[in-house]
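J.: Quick one: the structure is below, and I'll ask about it shortly.
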Amino acid sequence: MAPPADVTKVEMDIPPQGLALVDLEPGQLAVVERISLPSSDAHFLMRLGFFPGAEVRFCRRAPLGDPSIYSVDGTHIALRAETARHIQIHPTEVESAQANPAEDRPSGDLA
Amino acid sequence: MSSILTKGCCETPDAPPITIGEQVERIPGEIRTVALIGPPNSGKSTLFNRLTRLRQKVGNYPGVTVEQRVGVLADGEREIKIIDLPGVYSLTPYSDDERVAVDVLTGKFNGQPQPDAVLLVLDVTHLSRHLVLAAPVIALGLPTLVLLNMSDLFVEGGGSLDVVKLAGELGTPVAMVTATKEAGLDVVQRFLRQGPDFLPSTLPVLPVVNDLPQCRRWAGQVGNRVAYQRHRSGNWMGRLDNIFLHRIWGPIIFAIVVGACFQTVFGLGQPLSNIFQDFLARAGQFAAPLIPDGIWRSLLLDGLWKGVSSVLVFLPQILLLFLFIGLLEDSGYLARAALIADRTMRVVGLNGKAFIPLLSAYACAVPAIMATRTIENKRDRIATILIAPFMTCSARLPIYTLVIAAFIPERPVIGVFLGTRACAMLSLYVLGFLAAIATARLLKSSILKSNAAPFALELPEYRWPTFQSIGLRLLDRSRVFVRQAGTIILVVSLLVWGLTHVPVHHGSAPPLEQSVIAHLGHAIEPVIQPLGFNWKIGVGLLTSVIAREVIVGTLGTIYGTDPATHSLTLQNALHQDLALPGAVALLVFFAFAMQCTSTLAIVRRETNSWKWPAIQFVYMTTFAYTSAFAANRIVTALLHR
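These protein sequence lines map, in sequence, to chains A and B. As numbered in this note's numbering, residues 244 to 354 make up the first sequence, in order. As numbered in this note's numbering, residues 368 to 1008 make up the second sequence, in order.
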């Protein structure tokens, strides 16, 4: 898990590297690495459950394509692509069936 | 103990750290004030309404645009003040809401003593997530009762936890409640009776309260230790979202819901209003012989009763609209609607969250402007506040219905489904909506331009709305409406009646043309003549600055006093007195004009400045005047073609 200090760093100028939340496909799981947004925005997203280390599942897109719904920390949050672009992730396994939705587990190392 | 006293850490350098634990020495005694706090969507408002039974005052915290709700909980002879704090996820003071919550809880808010106790509401179906707020709240050291709300859903879904163990972990009493069904709430009274002498027996081990990730880890660990088992939410949410957020069905259902909303208010509301109107008129006739003939009967019946009842008849429609919005909100559909609307709202520079306030603005701009608090971005919020009064609020219905009924004959347009009158009404709604959109674009590309702030919308689970929760809100709404009809509109009706009866002429009222009100109306006639209005409408415009619906009461009083139109219904009197171009201009004027002192007052309160209400009033009045003038000219030209 990334140290918390990284999260609030202002990194607007650096283009996001690697994968971001916006790159997921419906049904895919990922773990949040960090949020490349100004601290107040990053905090705002953390309050909703997007902590570094938190497991996120891409649920679905809104009927008109955007925003998209993500399941994080036991709840469903809709974010626009313009925001999801700044949440960096590393993907975990593709969820096979609906059998054991990750949303019901507290995310990874938080438990 | 030192872990409780820890100050904020490196993580939030620009936020003032909350010093926890330096609590003020409290004088032992009974609990007089209690603060109610909880995350958004924890059912806090329902609980507040339940506990206070609507004995509450709504205001604003001075200096910030955060709502202040204070209620009274009656416990036998005793009355305990309940302060409803804004819904917050944490006490890291990043937003105004959080700053207010922290200041009130620590007794640092100007003129507010520190509360004697805290009621912390958490949604038990999201316990681990909501426990994040428990750490900083408990760390305050105030006697705290933790209420685990939505326990019915939780238990029915097979969720479980060790409540006693949780109480031990938190060092506070914990109770399972269901606010919507009023289950388990007696525990609040029991807790409050114990007084501030109640202090935790064991000191909990709390995380650094300003470190969100650490708080969340702690919450997860506590959840594990109390054997917290999430309820099975079933796959209802997924299945329903498959329909409501379907690529094709989603928008179709959205359109049907909005359409059904209108159909309910007009299709069902209109006949109900007519029945109610009949009832009110009969009540007047029944009372007539009981009052001695002469000036008193004229004052009470023609002056007051006609004025007040012409406004009261809209109560059924207003209640139906609030019922509809309440059902959508409580069922969880409204958040999905906001999600669908986001893409469209973005075109005008706003986000989906503005959809909820703007939809409520169809009922009334006042609650709508209060509902803009969910919009985090200040500029987006002000833009939404400024355009909300363009939405066709229920206060416009009286004059719209009156003028449409007087001037537009009912003919079918699409079979039995849509008639000319419904069409006219619908086009007025569209007109207001277009004005709102144009204004939003104008604002967002000029004075209220803003950077993209993250837009996030929490999607609640679908729930069956409860009768109690919606009923309570409808009761609240009707009380506000009736109180307004009983105060402002009563006074205005009285004033108008009085002005039609002076100067007294040989002990009786003067002919209407010579009364003071006629002089007032004639004085503004040159200004309104280009719009096609006569002086009687002018008086209505003057009085309706207070509230739009007042014009109907005023016209009722004026035409009722005038011997020429005394025997006619208001509808027929207006039809005789006003030409069609003037009638259309009147509708257009009312679609755009800012005639509502309550809205101006709430905008002043919410933006904390006179600047925005002033801009809004001048802009809307100018817009209304110009458009009404244009409408009058266009219709006149069409008629003489």
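C-beta: ideal position from N, C-alpha, C; glycine also.
Taking only three categories from DSSP, how would you classify B/Met961?
T.: If DSSP states are grouped into helix, strand and coil, B/Met961 belongs with coil.
J.: Assuming B/Asp464 and B/Pro482 form a contact by the criterion Cβ under 8 angstroms, report the distance between their Cβ atoms to the nearest whole angstrom.
T.: In fact, because the Cβ distance is near 17 angstroms, the residues do not count as touching under 8 angstroms.
J.: Can you find at least 3 beta carbon pairs, one from the stretch 973–980 of chain B and one from the stretch 789–804 of chain B, that sit closer than 8 angstroms?
T.: The stretch 973–980 of chain B, when compared against the stretch 789–804 of chain B, does not touch it at the 8 angstroms Cβ threshold.
J.: Cutting at 6 angstroms between CB atoms, please list the residues of its own chain near A/Leu288, excluding the five before and the five after it.
T.: Ile278.
J.: Are the C-beta atoms of A/Arg303 and some chain B residue less than 8 angstroms apart?
T.: At least one chain B Cβ lies under 8 angstroms of A/Arg303.
J.: So A/Cys302 is in the beta strand (DSSP E); what residue range does that whole segment cover?
T.: Counting along the chain, the beta strand (DSSP E) containing A/Cys302 begins and ends at 298–304.
J.: Near B/Cys376, what residues of its chain come up, given a Cβ to Cβ distance below 7 angstroms and the 5 sequence neighbours on each side ignored?
T.: Bear in mind that a pLDDT of 34 at B/Cys376, under 50, signals an unreliable position, so the model cannot answer this.
J.: Against chain B, which members of the stretch 311–334 of chain A pass a CB distance test of less than 7 angstroms?
T.: Going along the stretch 311–334 of chain A in chain order, one finds Ile312, Asp316, Gly317, Thr318, His319, Ile320, Ala321, Leu322, Arg323, Glu325, Thr326 with a Cβ nearer than 7 angstroms to chain B.
J.: Pull up the distance between the alpha-carbon of B/Tyr767 and that of B/Met792, whole angstroms please.
T.: About 7 angstroms.
J.: Do the stretch 523–535 of chain B and the stretch 491–506 of chain B make contact, defined as three or more Cβ pairs closer than 8 angstroms?
T.: Enough Cβ pairs lie closer than 8 angstroms, so yes.
J.: Let me see if you follow: with CB-CB separation under 8 angstroms, is A/Pro295 close to chain B or not?
T.: Yes, its Cβ sits closer than 8 angstroms to a Cβ of chain B.
J.: How far does the alpha helix (DSSP H) with B/Ile766 in it extend, from its first residue to its last?
T.: Where B/Ile766 is concerned, the enclosing alpha helix (DSSP H) stretches over 764–774.
J.: Can you find a CB in chain A that lies within less than 8 angstroms of the CB of B/Ile913?
T.: So, not an interface residue.
J.: Strictly below 8 angstroms CB to CB, what residues from chain A border B/Pro618?
T.: Correct list: Pro306, Leu307.
J.: Drop a sphere of 10 angstroms on the beta-carbon of B/Leu1006, count the other beta-carbons inside from all chains shown, and report buried for 16 or more, exposed for fewer.
T.: With fewer than 16 other Cβ atoms within 10 Å, it is exposed.
J.: Just to make sure I have the definition right: I need the residues of chain A whose C-beta is within less than 9 angstroms of the C-beta of B/His613. Which are they?
T.: Within chain A, the residues near B/His613 are Pro306.
J.: Report yes if the C-beta distance between B/Val770 and B/Leu687 is below 8 angstroms; otherwise report no.
T.: Not closer than 8 angstroms, so no.
J.: If the cut is a Cβ gap below 9 angstroms, which residues of chain A does B/Arg496 touch?
T.: Neighbours of B/Arg496 on chain A, chain order: Gly292, Asp316, Gly317, Thr318, Pro349.
J.: How big is the Cα-Cα spacing for A/Ser311 and B/Ala997?
T.: So the alpha carbons of these two residues sit roughly 44 angstroms apart.
J.: In this structure, does DSSP put B/Val871 in helix, strand or coil?
T.: The answer is coil: DSSP assigns B/Val871 none of H, G, I, E or B.
J.: Touching or not, the stretch 880–900 of chain B and the stretch 942–957 of chain B, by the rule of three or more beta carbon pairs under 8 angstroms?
T.: In short, these stretches touch, since the Cβ pair count reaches three.
J.: What is the DSSP secondary structure of B/Ser462, counted as helix, strand or coil?
T.: Three-state DSSP puts B/Ser462 in coil, outside helix and strand.
J.: Using a Cβ cut-off of 8 angstroms (strictly closer), state whether A/Gly270 contacts chain B.
T.: Cβ-Cβ to chain B under 8 angstroms: no for A/Gly270.
J.: Decide if B/Ser676 is buried, meaning its Cβ has at least 16 other Cβ atoms within 10 Å, or exposed.
T.: Buried: at least 16 other Cβ atoms inside 10 Å.
J.: Do B/Leu489 and B/Ala501 come within 8 angstroms of each other at the CB atom, strictly closer than that value?
T.: Going by C-beta atoms, B/Ala501 is nearer than 8 angstroms to B/Leu489.
J.: Where does B/Leu657 land, buried or exposed, given buried means 16+ other C-beta within 10 angstroms?
T.: B/Leu657 should be labelled exposed.
J.: With B/Ile781 as the anchor, note down where its beta strand (DSSP E) starts and where it stops.
T.: That run of the beta strand (DSSP E) goes 779–781.
J.: Of all the alpha helix (DSSP H) runs that stay within the bounds of the stretch 597–635 of chain B, which reach a length of 4 or more residues?
T.: As far as the stretch 597–635 of chain B is concerned, its whole alpha helix (DSSP H) runs of at least 4 residues are 603–611, 616–630.
J.: Kindly say whether B/Tyr456, judged by its beta-carbon, lies nearer than 8 angstroms to any beta-carbon of chain A.
T.: With 8 angstroms as the cut-off, B/Tyr456 counts as an interface residue toward chain A.
J.: Are the stretch 899–917 of chain B and the stretch 882–891 of chain B touching, with three or more C-beta to C-beta distances below 8 angstroms?
T.: With a cut-off of 8 angstroms, the stretch 882–891 of chain B and the stretch 899–917 of chain B count as touching, because enough Cβ pairs lie within range.
J.: Let me make sure I understand the geometry here. Which of B/Val439, B/Ala721, B/Ala730 has the alpha-carbon closest to that of B/Arg746?
T.: It is B/Ala721.
J.: Where does B/Ala441 sit, in a helix, a strand or coil, going by DSSP?
T.: It is a strand residue.
J.: Find the residues of chain B that neighbour A/Leu288, judging by a C-beta separation of less than 8 angstroms, and give them in chain order.
T.: Correct list: Pro821, Ala823.
J.: Would the C-beta of B/Phe984 count as close to the ligand ZN, meaning under 7 angstroms from any of its heavy atoms?
T.: This structure does not include the ligand ZN; it has no bound ligands of any sort.
J.: Which class does B/Leu559 belong to by DSSP, given the choice of helix, strand or coil?
T.: Correct three-state label for B/Leu559: helix.
J.: Is B/Asn744 buried or exposed, if buried means 16 or more other CB atoms sit within 10 Å of its CB?
T.: With 16 or more Cβ atoms within 10 Å of its Cβ, B/Asn744 is classed as buried.
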